[in-house]
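A.B. asks: Numbering (the numbering used here), first residue to last: 526 to 684.
In this text, a Cβ means the ideal position worked out from N, Cα and C, and glycines have one as well.
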């Protein structure tokens, strides 16, 4: 009885976690986020550096929806631990979000090769495009040295 209750609780927690992590669509991952006071400057407009936080959440929850947690990567495989680090980011700021807006962060893989992922990200409010970002992330081991994508990960990103 106790085991079944614990199992149901775990299933609910996993389901909630995935719900909070957004959804995978044909065109990539989508995550909805509210803009809070802490994200804005004195005028109620999102401070430019806060968009990096939204983009990071999009990438992290994209991984989560693919069944990958950064904690699991840190624990590693037979080749050791792995982590993603941003190597390059090109951002175009096109329009501003404001406090209490609901933004949609879209993330899709452009290319996955060797030790690198190239991602395209957008932040939108409805049909209005606020920001585009081309992001290159490298895979590193626990010592910060470049390593190849763990087995099976490359296929996840390309398939």
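(1) Check residue 605 in the structure and name its three-state DSSP category.
(2) State the DSSP-derived secondary structure class of residue 545, mapped to helix, strand or coil.
(3) Looking at the secondary structure, which residues open and close the alpha helix (DSSP H) in which residue 578 lies?
(4) Are residue 556 and residue 616 touching if we call contact CB-CB under 8 Å?
(5) Find the nearest neighbour of residue 573 within the set 549, 666, 658 and 547, judged by alpha-carbon distance.
(6) Measure the CB-CB distance between residue 633 and residue 643 and report whether it falls below 8 Å.
(7) Which word fits residue 547, buried or exposed, when buried means at least 16 other C-beta atoms lie within 10 angstroms of its C-beta?
(8) How many angstroms separate the CA atom of residue 674 from the CA atom of residue 663?
C.D. replies: So, from the data block:
(1) strand
(2) helix
(3) It spans 575–590 - the alpha helix (DSSP H) in which residue 578 sits, taken as one unbroken run.
(4) no
(5) Of the candidates 549, 666, 658 and 547, the one whose C-alpha sits nearest the C-alpha of residue 573 is 658.
(6) no
(7) With at least 16 other beta carbons inside 10 angstroms of its own, residue 547 counts as buried.
(8) 9 Å
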